[in-house]
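Protein sequence lines, in the order shown, are assigned to chains B, H, Z and V. Per the working numbering, the first sequence starts with residue 709, numbered consecutively. Per the working numbering, the second sequence starts with residue -13, numbered consecutively. Per the working numbering, the third sequence starts with residue 575, numbered consecutively. Per the working numbering, the fourth sequence starts with residue 169, numbered consecutively. Glycine included, every Cβ here is placed at the ideal spot set by N, Cα and C.
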Amino acid sequence: MMYRLPQREGEWIDRTRSLAFTFEGVRYEGFAGDTITSALSAAGVMILGRSFKYHRPRGILSFANHDVNAIFQVGPVPNVRGDVTPLADGMEVLAVNTVGGLQSDRAQWIDRLGRFLPVGFYYKAFNSKRFFPRWERLIRNLSGLGQISVDAPRLQTPKRYAFCDVLVIGGGVAGEAAARAAAATGAKVMLVDESTRVSAHSADGVDVLTSSYVAGVYADRWAAVIEPHRMTKVRAGAIVFATGAIEQPIAFHNNDLPGIVMAGAAQRLLQRHSIAVGRKVLVVTTHRAGYEAAVALLDAGLSIAHIVELNSTSVAPDLSSLLIQRGVKVVVGDAPIEAERNAEGCVAAVHFAGERIDCDAVLMSGGWAAAAQLLLQAGGKTAFDDAAQMHLPSELPAGCFVSGAINGLFNAEAACMEGRTAGRAAAEFASATVPPSGSSIIARSSSPVAPSPHRRQDPRGKDFIDFDEDLQVKDIENAIHEGFDSIELLKRYTTVGMGPSQGKHSNLNAARILAGKRGLSMDQVGLTTARPMYHPVPMKHLAGRGFTPERATPIAPRHSDAGAVWMLAGNWRRPEYYMREGESREQCIAGEVAVVRNSVGLIDVGTLGKIEVHGPDAGAFLDRAYAGRYSDLKVGMTRYGLLLDEAGTIVDDGVVARLHEESFYFTTTTGGSAGVYRDLLRLNALWGLNCSLVNVTGHRAAFNLAGPRSRDLLSAMTSVNLNDGAFPYLGVREGIVGAANARLLRVGFVGELGYEIHVPHSHAQRVWDGLVEQGRKFDLRLFGVEAQRVLRLEKGHFIIGQDTDGLTNPFEAQAGWAVRMQKPFFIGQRSLRLLERRGPRQLLVGFEIENAVPALKECHLAIDNGEIAGRVTSVTYSNTLGKTIGLAMIKPSLAVLGTKLTFRVTDGSTVTATVCPTPFFDHDNQRQKFGVAA
Amino acid sequence: MKQLRCPLNGVRPVSEFAYAGEVRDMPDPDACTDPQWADYVFNRSGVPGVKREWWCHIASGYWFIAERDTARDAVIDTYPVEKLREVHRA
Amino acid sequence: MFRRHERLRDSYDVVIIGGGGHGLAAAYYLARDHGVRNIAVIEKGYIGGGNTGRNTTIIRSNYLTPEGVQFYDESVRLWQDLSADFDLNLFYSTRGHFTLAHTDASMRTMRWRAEVNKHYGVKSEVVDAAYVKNALPMIDIECGGHAPVLGALYHAPGAIARHDAVAWGYGRGADQRGVEIHQETEVTGIDVEAGRIKGVRTTRGYISTSKVLCAVAGFTPRLLEMVGLRSPIYIHPLQAMVSEPIKPWLDPIIVSGSLHVYVSQTARGELVMGSTLDPYEVHQTRSTLDFTETLSAHMLDLFPFLSEVKIVRQWAGLADMTPDFAPIMGTTPIEGFYLDAGWGTWGFKATPVCGKTMSHTVATGRNHPLIAGFGLDRFARFELTGEKGAASVGH
Amino acid sequence: MSATLQQVVNLARIGFKGPNAAAWLGEQGIPLPERANSWCVTGDDEQDICVRLGASEFLLERGDGNALRKLQAEIAAHIPGVYPVLREDCAFVIAGDAADDVLAQMCNVNFAALRAEAREAVMTLMIGVAVTVVPQGNAAQRRYRLWCDPTFGDYVWSSLNEVAGPYLIDTKSPGGAR
């Protein structure tokens, strides 16, 4: 059983500050500076969790943030890593993955079924189509670790960008030396370490982030540093990977009993938290580190029962004789067979070939795996070093350096020297104006380590190789036998390395088994790809504040005041319609439509893209970019603009106005504005014409004042002569509206006399207010997007993206009139020649139905002889016309005036419509051209 | 995150840029056959390698050319579009 | 489950390049249904190591075009019996599939899909926001206020499966029927003479053959270059990420096109999440941090209570994209060279039907009727199959 | 550490673009920055400035609007190769020793590393929106002027306030860039 020692020098706990907490409902106390795991250990709690598959009781393994067994539920937070999470007063800690509590876990029966659950078991069982759903429910309910609370709030976490010359990952001896050496050259240095304490500090000129880890290293030395309460994204000039090495377990039966820990875990518990792992400690080792741990524990007054080294000759004869002198029994060339459990389920003894050794704690030291994951992510390579028995860096990408245990150096002095060299080299790389092409691996001294720790198997017991996933040696072997004999297939079939610790203490041993079974070298076997995250990262850290750009026209507050019901349009919100007391949505929309037809309405169209093109070649540019011709457009006039892609597909439309000989002003759709502008910039760069583009989308507001009374209303606010003769249909004029410099476009999207009024953003509210004020005498109403859709549909105008789709060309949309095929060149022209010859695959037609058909909606299909023959793209009941009207994209044989179309609505019934000419309303466009008497 | 050196704005992360694919030479629309035109419109040289690409620095609207090895996602060179036209004339 | 063959033979009746789900399925059905057994499947890495083992395992048939819907519907039918066919549990799990709509435009697209789906007997329906909220009470229907859910396309047959096991099941079935699977074998060249396939050069020797099926996803352009064919395929990485296991809370598959999120919870309790394609061409399966940042933010828009749930791992695959988001399948101008490509982000769910239709096509030399809309020649004819509306973010 | 945030409402603003813009502005007696993406003072202090955006676009901001109105009147006559650019930007000033920390949470440009003497102008994306940023002052008293599309103004302003919240001394008074 573990226990707390009296105060020791250098301990990381503050014994003056007690913290009370509960675990599984039982109250305990720890100290400030404890982690959840250390506090529980100090309290003698040996069983911290239940294993993933077999629900075996588990305790500390690594005490290094790799332990799936020390993962807890803390309040609403699932999967809290107890090894590193600081203890807090009042914490309520629960074990995860239990059914009915840690001690009496009702799922522990699974352990006894172990021999019937071979690797791949789930693939081989339950595969009846009929019964699988039932099994699956059972499996699902047993799976998973922590529990989430669906009531938990969204947590906003800041993120920040940071920059440094040298980023040092790992604050051990090597990392600290590297950081200090780099800082001494004047470099801006950042050091990141998982521990709460490191010896480097800001006084050394080093920006130190403790309790933090690098979750991933991405392209161009871009590192995700996870701090307790935020993520910092660091761009580093150079990186020193001093990430150390991860101690590996030794496989023997019941090697997962509580009390059996890594040698390093015992040392960390002792040095940081003054916790003794037991009163009678057995060390099982293949590496010098086992001896070093024994010495450390002995120095702290613990009793070492035995040291058993698996190698036939000792790797540390000096320490071995030292320990023998101090009365420790050292056995070389023996291996543990099985651990025996006591009444509490913890380790009580270990059986070897020769003897049975009583103990209440076992230290395992099965060699090391370089913590090279981040280096590999950065593009580094490793090769297996037979002498060191670990993968060591073999290729470093530009600006990346290594030092310390990751490079096979376990000697503090050597690691320190190497760290200094790496730190200086990194600083030099970061400051070089022309960076050296690559960095070389610094020569390392090899550190003798024993060969693979796998010694014997026995079908009766469980010898774990992956403590996350409850995988035994035989699972790996069986999978290889079944043909899953490459490292990646082995991983996928057995799930080795796929648990929360991502193979930190299992991948190396699995590779060893595979190499042994297939007679390959470790390098031939290789390792699975190292991918982020190094340690798991909460989504709140990754999400940060979750900024979502939102755009608003200057009129937005007015819309809200007027009762706007909003709809999304890209990153804009637009009024769908304006809610009126006591009126339904349909009534509101119908009212808005009616006022435009009968008097005057006002809509905010500020979301339209607005672009200017200036210069001697401005007309030529538009001629090449758009399907229509603009070089012959008269100054003061506008023309419809249709934008195609190279395949001849419609991508956008708008109105092009010629303000002056060399200046055009044109609009794009709301959704297309940013993309169209960017695309036109590219074409301008490509063609090299003498013109410049200016995007004023956000800088100009725009309203459409439409209806028979629009001229009467506007004339009161402007000096511009609005008479048809002076300002005809499709004209554009510049002048003062209210007090603002305005551009007035006489366009007719809604089919009435109307003016688009474009004014600078800062004047928009005043002009709008003025129009509304003047409009009172004409019963002006604001109208929203829905009313505009009805109005334009009555005029038969299509909406790109609704009435057209990603394959529609202008001929199919019946917009051939907007295309000037005889121009020398325009985007899409060559494809249109081809498409014109081929003929349309579909055609956009108008249809009408005499009565109201609320069931008929957009995207209902046209059915012809049982086959799909097209679809409704727009439909509405027109109060103006007293019938249902719409547009449909249908096969050409049906696109003949008078043809009866059959549409199928949601419930499967059909509706008959008649193909009819468009516009549906005011067929020869008299109203928009000349207005009507009100 | 990957970095690109914009010839106008300097080194910036790739999130500041928009990508518009490979620089492709348009065949003479009046002289080419339909299959040649369709090849230009749709087909791409999808194999990895060093390609000349269109990139736009979004905030400034500045288009430039990057030569990038798509196999390694390594930017080899970036330069203004004018240089592309010079290359074409030469 | 599989045998390792020490040597390549000098000749095979059919050489299938690519040991992913599609290649192995074609081999399986060629051997099982067409009596062709002298087949080599040539795989550069390990079986199922490409997009088969990298996708987010969503299976559905609620596509937009008649060609797509009929094709995927057949696939879903095949999926449902695969575990029994293989005697291997694929964990095929019907979970229901919601494609959330946040704009009126996407509501329209949902209705279009639902109507086409129903026309071909595929269960799909447009549901409103209240229905979504009722089925998933924990969802933030307002999406943090940024993009309220207006409704969804609900597709009851939507399912997930254990992706690796699909490759293993087809591989084992093919192996049992005499197909040779050669892993760690790379194709270095394809010999074409007078417009016909002659043989395949590999890192382990030369193979004479008159029929080659190319099913290599992100490597398609490289193979096409070997035979001198051009295609519209371009390669962008597609990334995914997975959380730590948590107790089950999410039954259906949730997709939001506007937020670029798709997510399901596996039998192990992990949340498997994906998003949109990476924005530029890369032939490398590197990871990016911004992918996890954006996806996490959007996940929390939908499910704010996941703030503390941790991401364990991210990865990427290479998506072979086409201009119309429909695949490129069938015969090619080169006799004996068959293409199964252009799967972009949606190839996994098509695995069984691709095996079926491509085996038919290879065995008979004529395109299976179900793939008639997917030919390589459609681009030259400007007759694209407009699947973009359903496939671009649907997964 | 502290910061101040202000919305700039008291300055007049105008933009020009085009191949002859530099020459013409020079003829009008406007001091121009020589390098692309840099700025210079055009008046008595750092409030009145001319920012060169890329090679051939200029943004002028001044306390006294008369000079700019004169330019506007001139340009109305259509000078060849000089095109007016409507600048209705939202403009902000963020100052104080926490300014760099605030910007570091919103933008990936290393503003802290820019030398004040270099008088650089930075066009970048900040929380998803295109902005132009001009660092002013000196190392001890850092001040950033920032412009964005006015329709993103509310979003940028509220985000700035959210991020700067813990550092803010005074956000209430709209004022100048001084």
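Give the interface partners of residue i over in chain B, defined as CB-CB distance under 7 Å, in chain order.
i: R71 of chain H; result: G1396
i: P15 of chain H; result: F1533, Q1537 and R1538
Determine the chain Z residues that contact residue i at a beta-carbon separation under 8 Å, and present them in chain order.
i: W930 of chain B; result: L863
Strictly below 9 Å CB to CB, what residues from chain Z border residue i?
i: R(-13) of chain H; result: Residue identity check: residue -13 of chain H is Met in the sequence provided, not Arg. Neighbours of M(-13) of chain H on chain Z, chain order: T862, L863 and D864.
For residue i, which three-state DSSP category applies?
i: A241 of chain V; result: helix
i: S1147 of chain B; result: The predicted position of S1147 of chain B is uncertain, since its pLDDT is 48 and thus under 50; no value can be drawn from it.
i: L724 of chain Z; result: coil
i: R1259 of chain B; result: strand
i: E760 of chain Z; result: coil
i: S805 of chain Z; result: strand
i: N1412 of chain B; result: strand
i: Y312 of chain V; result: strand
i: Y637 of chain Z; result: coil
i: S1155 of chain B; result: Note on S1155 of chain B: pLDDT 47, under 50, position unreliable in the model; no value is reported.
i: R845 of chain B; result: helix
i: N1403 of chain B; result: strand
Strictly under 7 Å for the Cβ-Cβ distance: is residue i near chain Z by that measure?
i: R1152 of chain B; result: In this prediction, R1152 of chain B scores a pLDDT of 48, lower than 50, which makes its location untrustworthy; the coordinate-derived value is nonetheless stated afterwards. So, not an interface residue.
i: D120 of chain H; result: It is not possible to answer for residue 120 of chain H, since the shown part of chain H is limited to -13 through 76.
i: T1256 of chain B; result: yes
i: Q6 of chain H; result: Looking at the sequence itself, residue 6 of chain H is Ala, so the reference to Gln does not match. No, its Cβ sits nowhere closer than 7 Å to a Cβ of chain Z.
i: T64 of chain H; result: no
So which residues on chain H does residue i lean against when the C-beta distance must stay under 9 Å?
i: L227 of chain V; result: The premise fails here: L227 of chain V is roughly 12 Å from chain H at the closest Cβ pair, so nothing lies under 9 Å.
i: L1389 of chain B; result: C42, G47, Y48 and W49
i: L1515 of chain B; result: In chain order: nothing, as chain H lies at least about 13 Å away.
i: N329 of chain V; result: None at all; the shortest Cβ gap to chain H is about 22 Å.
Determine the chain H residues that contact residue i at a beta-carbon separation under 7 Å, and present them in chain order.
i: N276 of chain V; result: P(-1)
Which whole-angstrom value is the C-beta distance of residue i and residue j, which I expect to be below 8 Å?
i: V753 of chain Z; j: V615 of chain Z; result: 6 Å
i: A735 of chain Z; j: L664 of chain Z; result: 5 Å
i: P826 of chain Z; j: F672 of chain Z; result: 6 Å
i: Q781 of chain B; j: G852 of chain B; result: Q781 of chain B to G852 of chain B, Cβ: 11 Å. No contact.
i: A1536 of chain B; j: D1360 of chain B; result: The sequence given here places Gly at residue 1536 of chain B; Ala does not occur at that position. In fact, because the Cβ distance is near 12 Å, the residues do not count as touching under 8 Å.
Counting only beta-carbon separations shorter than 7 Å, does residue i have a partner in chain B?
i: V61 of chain H; result: no
For residue i, go through chain V and note every residue whose CB falls closer than 8 Å to its CB, in chain order.
i: T1261 of chain B; result: T319
i: L(-6) of chain H; result: A204, N205, G222 and A223
Does chain H have any CB closer than 7 Å to the CB of residue i?
i: A281 of chain V; result: no
i: G296 of chain V; result: no
Comparing the C-beta of residue i with each C-beta of chain V, is any distance below 7 Å?
i: E68 of chain H; result: no
i: E2 of chain H; result: yes
Ranges of the beta strand (DSSP E) found wholly within the segment 1456 to 1495 of chain B, counting only runs of at least 3: 1462 to 1468
Going along the chain, which unbroken runs of the beta strand (DSSP E) with 3 or more residues stay wholly within the segment 1088 to 1118 of chain B? 1089 to 1093, 1098 to 1103 and 1108 to 1110
Which whole runs of the alpha helix (DSSP H) in the segment 663 to 710 of chain Z are 4 residues long or more, in chain order? 678 to 693 and 703 to 709
Could I get the ranges of all uninterrupted alpha helix (DSSP H) runs contained in the segment 1007 to 1035 of chain B, with 4 residues as the minimum, in chain order? 1025 to 1033
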